[in-house]
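All remarks here apply to the structure that follows.
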Amino acid sequence: MTAARQERSDIQTGETGTGTGGIQTGTTAKVAVVGAGSVGATLAYAVLIRGAAREVVLYDVDTAKVRAQALDLAHGIQFMPMARVEGSDDVAVCAGADVVVVTAGAKQQPGQTRMDLAAKTVGLARTLMPQLVEVAPQAAYLMVTNPVDVVTYAALRYSGLPRAQVLGSGAVLDSSRFRYLIADHVGVAVQNVHAYVAGEHGDTAVPLWSSATIGGMPLLELDPFDGRKPLTQEVRDAIAHDVVHSAYDIIAGKGATAYAIGLAASRIVEAITNDEHRIMPVSSLVNGYRGIDDVCLSVPTMVSHDGAGTLLPTPMSDAELTALHRSADALRAAVGQVGL
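According to full-length UniProt numbering, the sequence shown is numbered sequentially starting from 1.
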């Protein structure tokens, strides 16, 4: 997708949207999704079906696709919480949005790393962000496009917005994968696993084993349940590998990830529109955190209607902190390579 404008072509349906002024909360909110591809459409679907917004708009310069996606979503409104859906090839459709989610960008190909996409997606952010900020200056901006940490840094730079107002989906999906893999090995519900991944959403991601818990018990001190195998170093290494590389397996098998990232991003949107003050490992600008400065990466962060708030000083082992610094260095180098 490019940011070039085309003649406007809209699809509107459902209940008339409410006016916006500042960030609206709950079902009064308007959410704009930039990019009508598989991730953008899945995200819009998740936001609608969870009732996270009263108005959902999609913006894409591919007129036929954005019209089709909006219609497909609109035809299911009867079975969802009441909402208004609109699709357009004009950026003005995003006007007054409370949250703008950017999913547009070059598609990651099999064998390609997220960092391989950096130059194209940073160029998109350079063009797109000023246009979006012009029509939705009060919105919280959630970047989903990969490499998301570099794109978040670029979006912050090109938008001129305050730090809190621009965040990335970061390691929210990585943390979900981490919890799923732990739960599957240990034999408990994934909702009972509390564990985070920090750093880059990518190859230098850092699973935080030392602070992971199940039922209030430190994970690494937990005895195996029901004859399950212990969480040995070999098992932990395999889980850490799968957290990072499972996306490549999905891309090789079906061409792209969509469902899990759509759900993860919709949950971040909910934390913003509902002013939840929820702790999530989103990507945001880090300065003075554990000796790390001037880079966007993920650490457990309070997410509310203000966007990315307080960074929590989550306990880390020496090895984890070293790995986090290594991840920050890799991201800083990537930012430099694209001229930021």
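For glycine and all other residues, C-beta sits at the position ideal for the given N, C-alpha and C.
Report task. Using 10 angstroms around the beta-carbon of S317, count the other beta-carbons present and answer buried if the total reaches 16, otherwise exposed. Result -> Numbered from 1 along the sequence shown, position 317 holds the residue referred to as residue 317. S317 should be labelled exposed.
Requested in this report: Label P315 either buried or exposed according to how many other C-beta atoms from any shown protein chain fall within 10 Å of its C-beta, with 16 as the threshold for buried.
Outcome: For the purposes of this step, residue 315 is taken as residue 315 along the sequence shown, with counting starting at 1. Answer is exposed; the Cβ neighbour count stays below 16.
Report task. Could you work out which residue in S246, T273, G51 is closest to A260 when comparing CA atoms only? Result -> Start at 1 with the first residue of the sequence shown, and residue 260 comes out as number 260. Looking at the Cα atoms, S246 is the closest of the given residues.
Query raised in the report: Quick one: Cα of G51 to Cα of A212, how far?
Result: The sequence position of residue 51 within the sequence shown is 51, counting from 1. The sequence position of residue 212 within the sequence shown is 212, counting from 1. Their Cα atoms are separated by approximately 31 Å.
Requested in this report: Could you tell me the boundaries of the beta strand (DSSP E) in which G87 lies?
Outcome: Within the sequence shown, numbered from 1, the residue matching residue 87 stands at position 87. Looking at the DSSP string, the run of the beta strand (DSSP E) that includes G87 is 84-88.
Report task. Hey, could you find the ends of the alpha helix (DSSP H) T322 is sitting in? Result -> What you label residue 322 is simply residue 322 of the sequence shown in a count that begins at 1. 318-337 is the extent of the alpha helix (DSSP H) around T322.
Report task. Might you give, ordered along the chain, the residues of its own chain that have their beta carbon closer than 7 Å to the beta carbon of Q69, omitting 5 neighbours on each side? Result -> Position 69 of the sequence shown, counted from the start, is the residue given in the question as residue 69. Within the same chain, Q69 has close Cβ partners A36, A41, L58, G87.
Query raised in the report: Quick one: Cα of N287 to Cα of V93, how far?
Result: The residue labelled residue 287 in the question sits at position 287 within the sequence shown. The residue labelled residue 93 in the question sits at position 93 within the sequence shown. Looking at the two C-alpha atoms, the distance is approximately 34 Å.
Query raised in the report: How about S329 and S304: do their beta carbons lie closer than 8 Å?
Result: One-based indexing of the sequence shown puts residue 329 at position 329. One-based indexing of the sequence shown puts residue 304 at position 304. Note on identity: in this sequence residue 329 is Asp, with Ser being the wrong assignment. Going by C-beta atoms, D329 is not nearer than 8 Å to S304.
Report task. Please classify T145: is it buried, with 16 or more other beta-carbons within 10 angstroms of its beta-carbon, or exposed? Result -> Working through the sequence shown from its first residue, we reach residue 145 at position 145. Classification for T145: buried.
Query raised in the report: Which term fits L219, buried or exposed, when burial requires 16 or more other beta carbons within 10 angstroms of its beta carbon?
Result: Walking along the sequence shown from the start, residue 219 turns up at place 219. Burial call: buried.
**Report entry** CA nearest to the CA of D90, picked from T232, S159, L128, R236
**Finding:** In the sequence shown, residue 90 corresponds to position 90, counting from 1. Here the closest residue by C-alpha is L128.
Query raised in the report: When burial is assigned at 16 or more other CB atoms within 10 Å of the CB, is L331 buried or exposed?
Result: Stepping through the sequence shown from its first residue, residue 331 is reached at position 331. With 16 or more other Cβ atoms within 10 Å, it is buried.
Query raised in the report: Relative to the alpha-carbon of E320, which residue among I279, A265, V197 has its alpha-carbon at the smallest distance?
Result: Within the sequence shown, the letter at position 320 stands for residue 320. Comparing Cα-Cα distances from E320 to each of I279, A265, V197, the minimum goes to V197.
Report task. Alpha carbon to alpha carbon, how far is F225 from L117? Give it in angstroms, no decimals. Result -> Against the sequence shown, residue 117 aligns to sequence position 117. Against the sequence shown, residue 225 aligns to sequence position 225. Computed Cα separation, rounded: 42 Å.
Query - Bridge partners - Y141, DSSP secondary structure assignment - result: Residue 141 sits at position 141 when you count from the first residue of the sequence shown. DSSP lists V100, V166 as partners of Y141.
Query raised in the report: Is DSSP giving H305 helix, strand or coil here?
Result: On the sequence shown, position 305 is the one that residue 305 refers to. Three-state DSSP puts H305 in coil, outside helix and strand.
Report task. Quick one: grab the DSSP three-state call for V61. Result -> Taking the first residue of the sequence shown as position 1, residue 61 is located at position 61. It is coil, neither helix nor strand.
Query - Inter-residue spacing [alpha-carbon to alpha-carbon] between G96 and V102 - result: By one-based count along the sequence shown, residue 96 stands at place 96. By one-based count along the sequence shown, residue 102 stands at place 102. Roughly 15 Å between the two C-alpha positions.
Query raised in the report: Between the segment 118-126 and the segment 153-160, do three or more beta carbon pairs fall short of 8 Å?
Result: yes
Query raised in the report: Going by Cα to Cα distance, which pick from G187, P230, L173, K229 is closest to P207?
Result: For this step, residue 207 is matched to residue 207 along the sequence shown. The option with the nearest alpha carbon to P207 is L173.
**Report entry** Simplified DSSP assignment, three categories, for L340
**Finding:** Taking the sequence shown and counting its residues from 1, one reaches residue 340 at position 340. In this structure, L340 counts as coil in the three-state DSSP scheme.
Requested in this report: Tell me, please, which residues DSSP counts as bridged to N287.
Outcome: For the purposes of this step, residue 287 is identified with residue 287 of the sequence shown, where counting begins at 1. N287 pairs with D293.
**Report entry** Same chain, Cβ closer than 8 Å to W209, neighbours up to 5 away in sequence not counted
**Finding:** Counted from its first residue, the sequence shown places residue 209 at position 209. Answer for W209: A195, L219, L220, R236, S317, E320, listed in chain order.
Query raised in the report: Given V151, which residues of its chain have a CB within under 6 Å of its CB, disregarding the five upstream and five downstream residues?
Result: As a first step, residue 151 must be located in the sequence shown, where it is residue number 151. Result list for V151: T121, A125, M143, T145, in chain order.
Report task. From the DSSP output, read off the bridge partner residues of P218. Result -> Position 218 of the sequence shown, counting from 1, holds the residue named residue 218. DSSP lists T213 as partners of P218.
Query raised in the report: Of all the options P130, L43, G202, which has the alpha carbon lying nearest to the alpha carbon of V31?
Result: In the sequence shown, the residue the question calls residue 31 occupies position 31. Ranking P130, L43, G202 by Cα distance to V31 puts L43 first.
Report task. Would you list, in sequence order, the uninterrupted beta strand (DSSP E) runs of no fewer than 3 residues that lie entirely inside the segment 241-292? Result -> 278-280, 283-289
Report task. Can you tell me which of the three DSSP states V193 falls into? Result -> The residue labelled residue 193 in the question sits at position 193 within the sequence shown. Looking at V193 - three-state DSSP - the assignment turns out to be strand.
**Report entry** Residue from D72, E200, D223, A140 with nearest C-alpha to V186
**Finding:** Position 186 of the sequence shown, counted from the start, is the residue given in the question as residue 186. Ranking the options by Cα distance to V186, first place goes to D223.
Requested in this report: Could you give the DSSP three-state label for L117: helix, strand or coil?
Outcome: On the sequence shown, residue 117 is found 117 positions in, with the first residue counted as 1. Three-state DSSP puts L117 in a helix.
Query raised in the report: From what residue to what residue does the beta strand (DSSP E) around V31 run?
Result: For the purposes of this step, residue 31 is taken as the residue at position 31 of the sequence shown. Element bounds for V31: 30-34.
**Report entry** Collapsed DSSP secondary structure at G21 in the structure displayed
**Finding:** Here residue 21 is taken as the residue at index 21 of the sequence shown, counted from 1. Its pLDDT being 36, under 50, G21 is placed unreliably in this model, and the value from its coordinates should be taken loosely. G21: coil per DSSP, three-state reduction.
Requested in this report: Starting from L181, follow the alpha helix (DSSP H) in both directions and report where the run begins and ends.
Outcome: Numbered from its first residue, the sequence shown carries residue 181 at position 181. First-last of the alpha helix (DSSP H) with L181: 172-186.
Query raised in the report: Is it right to say G291 is buried, meaning 16 or more other beta carbons lie within 10 angstroms of its own, or is it exposed?
Result: Looking up residue 291 in the sequence shown gives position 291. When all chains shown are included, G291 counts as exposed.
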